[in-house]
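Protein chains in written order, with the numbering used here: chain A, 7 to 109; chain B, 24 to 379; chain P, 95 to 430.
All C-beta atoms, glycine included, are put in the ideal place defined by N, C-alpha and C.
In what follows, a single structure is set out as structure tokens and then discussed.
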Amino acid sequence: MDFGFCLSPSSHVQMDKIDLATFNRLKETNPDINTCIACGSCTATCTAGNFTEMSFRRILLMLQRGKEDEAKKMIQRCMLCGKCTLVCPRGINIRKILLDITR
Amino acid sequence: MIIEGKQKIWADYQKDIPDDHYFYVRSCIRQAFWPGSEVTFLDITRNKLGKDFYENPYHTTCGGIAYHSDTIPQETAMTIIARQFALMKESGYENYVCSCITSFGCYTETLETWHEYPELEAKIRQYLWDSCKKEFAKPKYLAHASDLIYKFRFDIAKQMKFPLVNVKTGKPLKCVEHIGCHYSKMFPSKGFGGAEYPHVLVGMIEAWGGEVIDYPERRHCCGFGFRQYFVQANRGYSESNTYKKFESMEPYEPDLIITNCPGCPYFLDRWQYVIAEQTGKTYGKNGYGIPALTYEEVAGLVMGYDPWDLGLQMHQVAIEPLLEKMGIPYDPKKKYQGVNGKDLGQPMCPSCIKSV
Amino acid sequence: MKENILIIGGGAAGMEAATQLKKLGLTPIIIEKSDALGGHIAQWDRLFPAFHPAKDVVAPMLESVKGIDVLLNTEVNDIQCDADGFKAVLTNGKTIDAKAVVLATGFDLFKAERKQEYGYGIYNNVITSLELEKFFRTGKDERINNPKKIGFVHCVGARDVKVGNTYCSKVCCTTALKQACEMKEVFPNAEVYTFYMDLRMFGPGYEDLYLKTQRDFDVKCIRGRVCEVSENMDGRLVIKAEDTLFGKPLKMTLDLLVLMCSMEKNKSIDKIQQQLGVANNSDGFMQNRDMYLGMNGTAKDGVFVAGTCTAPKSLPDTIAEARSVAVEVFNYINNK
Chain A
7 MDFGFCLSPS SHVQMDKIDL ATFNRLKETN PDINTCIACG SCTATCTAGN FTEMSFRRIL
67 LMLQRGKEDE AKKMIQRCML CGKCTLVCPR GINIRKILLD ITR
Chain B
24 MIIEGKQKIW ADYQKDIPDD HYFYVRSCIR QAFWPGSEVT FLDITRNKLG KDFYENPYHT
84 TCGGIAYHSD TIPQETAMTI IARQFALMKE SGYENYVCSC ITSFGCYTET LETWHEYPEL
144 EAKIRQYLWD SCKKEFAKPK YLAHASDLIY KFRFDIAKQM KFPLVNVKTG KPLKCVEHIG
204 CHYSKMFPSK GFGGAEYPHV LVGMIEAWGG EVIDYPERRH CCGFGFRQYF VQANRGYSES
264 NTYKKFESME PYEPDLIITN CPGCPYFLDR WQYVIAEQTG KTYGKNGYGI PALTYEEVAG
324 LVMGYDPWDL GLQMHQVAIE PLLEKMGIPY DPKKKYQGVN GKDLGQPMCP SCIKSV
Chain P
95 MKENILIIGG GAAGMEAATQ LKKLGLTPII IEKSDALGGH IAQWDRLFPA FHPAKDVVAP
155 MLESVKGIDV LLNTEVNDIQ CDADGFKAVL TNGKTIDAKA VVLATGFDLF KAERKQEYGY
215 GIYNNVITSL ELEKFFRTGK DERINNPKKI GFVHCVGARD VKVGNTYCSK VCCTTALKQA
275 CEMKEVFPNA EVYTFYMDLR MFGPGYEDLY LKTQRDFDVK CIRGRVCEVS ENMDGRLVIK
335 AEDTLFGKPL KMTLDLLVLM CSMEKNKSID KIQQQLGVAN NSDGFMQNRD MYLGMNGTAK
395 DGVFVAGTCT APKSLPDTIA EARSVAVEVF NYINNK
């Protein structure tokens with residue numbers, strides 16, 4: 007009989023345990039990566055983002071919250087059109103960073 | 024930890040309640056979960072401390088479980104509560120004390136709501152008259168039963184036979200205190216010590232010789248949460264919350280947990296078995312769990328009540344290691360005997376967590 | 095009789111107002127309750143946005159009030175008003191006659207222990223922004239022990255209906271970023287986080303400071319409010335917040351948590367303020383005549399206000415108000 011007993015993993019991001027290696031590697035060559043203010047311009051204008059989950063600002067956050075696999079999966083939606091880079095108010099070279107993440 | 028900081032808060036959150044003449048109401052589920060607790064409360068207050076605590080046989084549920092499970096509207100719950108207040112008035116009492124934290128939360132919420140919306144109180148007054156032909160008076164003082172044990176903690180300490188001290192090492196027992204959410208999270212000023220650092224159980228532990236553990240998930244809910252446990256699909260949340268607490272308190276190696284809510288000791292006790300079954304992990308020493316007791320059970324133990332009269336055989340987690348630490352004598356043969364020595368039969372015992 | 099102007103408060107606003115009033119030919123008298131001039135700003139190490147040493151601003155102000163009557167360790171006990179002006183009885187027993195009164199009484203720092211969930215005064219490694227500033231000045235604070243992970247909590251006692259302060263305290267955002275950068279300077283290997291609700295970079299050079307904080311100092315700004323602080327076995331702090339941009343709750347262990355305390359109205363002046371007939375506004379600060387053209391005036395003729403007694407303000411705002419109040423007082427005396 008199923009009593010419904012189970013242990014669900016906590017949804018807390020455990021900041022003490024996350025691996026920031028990829029983000030730190032990106033930061034060395036792209037110091038602007040830190041200046042994202044999550045305005046959402048990149049996502050709003052994204053060709054893929056209008057049909058899929060694709061969101062560059064979320065990719066940056068995923069990398070900083072230990073969700074690298076999810077970030078890499080999301081990147082596959084990108085069509086490298088460059089519109090995000092065009093609209094970013096912080097001047098982040100998004101197209102280059104996207105390429106660097108998968109490199 | 025700077026204890027003076029907490030003491031400042033404790034001094035700020037002292038509520039004014041009398042120490043005698045109470046209308047006492049029981050909890051629905053505690054009598055089934057921990058049948059010795061309420062009896063012990065009444066025995067301590069009436070017979071050991073000589074106080075007047077009156078019970079009325081017509082008292083019913085406060086409706087809290089149904090209210091918090093979204094099966095009755097608040098006005099229905101308030102009318103049930105109004106009826107209890109009417110019983111208090113008919114019995115000639117002005118001070119109301121309840122055994123259950125959910126009830127305490129419901130009573131407090133009702134009184135506060137009536138204070139803010141007197142027209143609602145008038146409406147409930149009419150409902151009660153229409154349905155029961157009764158009239159109620161609001162209690163002059165509302166207390167939770169743990170408030171009274173807190174208030175009497177030094178009187179209890181005077182009659183103490185077995186302090187919360189390990190007799191082998193002479194060191195204080197490490198005690199986790201767990202407060203029911205509805206004790207003070209909704210109305211911090213209604214609880215001794217407030218909501219962030221409640222003093223109600225800490226005060227008892229200190230008065231009876233124990234050492235209080237303040238661990239990171241101390242303030243976290245036990246996970247009962249009504250809809251979490253009652254809805255089968257949500258039970259995992261209930262267990263996971265308890266798991267979170269045990270993982271957080273584990274490094275402190277607590278000797279026992281003291282609670283003041285009906286649900287908390289139940290879930291902190293029973294989930295230890297389920298977690299052991301699922302993960303193989305136990306949180307006490309040598310394959311035992313950590314006993315999760317009610318404050319009345321702890322008061323009874325320190326005052327020298329027989330552990331089996333307190334109903335400690337009703338706990339999933341074996342109580343014997345704690346009794347041995349405290350140097351409390353007990354007869355293992357009597358563990359499963361009812362009153363008058365009747366054999367109640369032995370329950371099946373799991374192998375994943377030690378039961379004796 | 096000289097044209098005495100009674101200035102209550104010897105902080106930035108009081109000192110600057112006195113300096114200007116003297117230049118305009120009036121006779122300012124500063125009453126200061128503490129044992130030194132300078133107010134809060136004298137306790138500060140460096141100022142945002144450009145890390146300017148606070149003493150480089152305070153020292154010239156102190157220099158320029160030389161020759162002005164200053165009564166330290168003194169408060170006003172009683173104040174009466176008649177057709178001639180004001181008569182103030184001081185705690186030292188003296189009485190001062192003045193033609194006008196300038197309230198430059200400043201602010202009190204929010205008492206951090208009131209936000210119980212942050213554990214200030216309970217958990218050892220929770221400190222306030224003021225205490226951190228003292229550490230920068232003196233290099234001494236036994237709680238700051240080569241921390242590896244440091245957190246800053248914005249809006250402590252501000253924008254918070256639970257403590258009765260719904261207003262924004264204006265300067266704490268920029269101060270937090272300044273202090274975060276300074277911590278990175280002192281402890282380059284530390285990870286520094288700030289927990290903010292909104293980052294309000296309202297002044298010139300402030301947004302540049304924000305960019306520098308993120309890019310050059312690698313301070314991580316997390317949008318979310320810390321809601322619970324506790325201590326673990328090692329005495330380190332465990333905090334809970336939500337990363338609201340990521341949409342997930344977050345837990346972190348820190349060695350030091352700095353609370354950015356808000357400004358509250360300085361209540362030690364309440365009695366005198368009442369005697370003068372100056373009301374409070376909805377934020378609990380003093381009510382000025384209006385916020386545009388009457389910012390230095392009050393409902394009472396001859397009673398003026400300057401600086402943070404009317405609202406949280408930055409130092410440049412305070413100095414500007416102190417200068418404008420001098421002109422207002424000058425015009426008031428001349429038109430009498």
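Can you name the residues that DSSP bridges to residue i?
| i | result |
| --- | --- |
| residue 322/P | 334/P |
| residue 183/P | 172/P, 189/P |
| residue 360/B | 366/B |
| residue 59/P | The structure shown does not extend to residue 59/P, since chain P is modelled only from 95 through 430, so no value can be given for it. |
| residue 234/B | 197/B |
| residue 340/B | Looking at the DSSP assignment, residue 340/B forms no beta bridge with any residue, so it has no partner. |
| residue 335/B | Residue 335/B pairs with nothing; no bridge assigned. |
| residue 245/P | 287/P, 351/P |
| residue 166/B | 120/B |
| residue 398/P | 196/P, 391/P |
Go ahead and label residue i buried or exposed: buried means 16 or more other beta carbons lie within 10 angstroms of its beta carbon, across all protein chains shown.
| i | result |
| --- | --- |
| residue 404/P | buried |
| residue 212/B | exposed |
| residue 255/B | exposed |
| residue 146/P | exposed |
| residue 250/B | exposed |
| residue 155/B | exposed |
| residue 29/B | buried |
| residue 314/B | buried |
| residue 266/B | buried |
| residue 218/B | buried |
| residue 92/B | exposed |
| residue 355/B | exposed |
| residue 95/P | Reliability fails at residue 95/P, whose pLDDT of 43 lies under 50, so the model's placement of it is uncertain and no value is given. |
| residue 386/P | exposed |
| residue 109/A | exposed |
| residue 379/B | exposed |
| residue 309/B | exposed |
| residue 373/B | exposed |
Ignore the nearest five residues each way along the sequence and tell me which others in residue i's own chain have a CB closer than 8 Å to its CB.
| i | result |
| --- | --- |
| residue 56/B | 285, 288, 289, 337 |
| residue 33/A | 39, 40 |
| residue 361/B | 367 |
| residue 42/B | 74, 171, 174, 175 |
Assuming residue i contacts residue j (C-beta within less than 8 Å), just tell me the rounded distance between them.
| i | j | result |
| --- | --- | --- |
| residue 45/P | residue 284/P | Limits of chain P in this structure are 95 at one end and 430 at the other, which puts residue 45/P out of reach. |
| residue 148/P | residue 141/P | 5 Å |
| residue 219/P | residue 25/B | At roughly 11 Å, the Cβ-Cβ gap does not stay under 8 Å, so residue 219/P and residue 25/B are not in contact. |
| residue 247/P | residue 289/P | 5 Å |
| residue 80/B | residue 117/B | Between residue 117/B and residue 80/B the Cβ distance is about 20 Å, and since that is not below 8 Å, they are no contact. |
| residue 259/P | residue 190/P | Incorrect: roughly 34 Å between the Cβ atoms, too far for contact. |
Got a sec? Which residues, its chain only, sit under 7 Å from residue i by beta carbon, not counting five neighbours each side?
| i | result |
| --- | --- |
| residue 90/B | 97, 100, 129 |
| residue 25/A | 72 |
| residue 51/A | 89, 90, 93 |
| residue 110/P | 155, 413, 416, 417 |
| residue 183/B | 231, 325, 326 |
| residue 170/B | 40, 215, 223 |
| residue 114/B | 46, 77, 79 |
| residue 291/P | 248, 249, 253, 319 |
Identify, in the order they occur along the chain, each residue of the same chain with its Cβ nearer than 6 Å to the Cβ of residue i, setting aside the five sequence neighbours on each side.
| i | result |
| --- | --- |
| residue 347/P | 330, 332 |
| residue 312/P | none |
| residue 185/P | 168, 169, 171 |
| residue 342/B | 314, 335 |
Review point. Of all the residues that make up the region 284-301 of chain P, which are near chain B by a beta-carbon distance shorter than 8 Å?
Key: none
Review point. Of the residues that make up the region 261-277 of chain B, which ones have a beta carbon closer than 8 Å to any beta carbon in chain A?
Key: 262, 263, 266, 267
Review point. Just by C-beta distance, which residues in the region 234-263 of chain B are closer than 7 Å to chain A?
Key: 255, 256, 258, 259, 260, 262, 263
Exercise for review: May I ask you to list, following chain order, the residues of the region 341-367 of chain P that have a beta carbon less than 8 Å from some beta carbon of chain A?
Suggested key: 342, 343, 344, 345, 346, 347
**Study point:** chain B contacts from the region 215-233 of chain P (Cβ-Cβ distance under 9 Å)
**Key:** 215, 216, 217, 218
**Study point:** Contacting positions in the region 35-68 of chain A - beta carbon closer than 9 Å to chain P
**Key:** 37, 38, 39, 40, 41, 42, 43, 44, 63, 64, 67, 68
Exercise for review: Could you list the residues in the region 15-30 of chain A with a C-beta less than 7 Å from some C-beta on chain E, going in chain order?
Suggested key: Absence of chain E from the displayed structure is noted, the protein chains being A, B and P.
Exercise for review: Return the residues of the region 290-318 of chain B that lie within a Cβ-Cβ distance of less than 9 Å from chain A, sorted by chain order.
Suggested key: 294, 297, 298, 300, 301, 302
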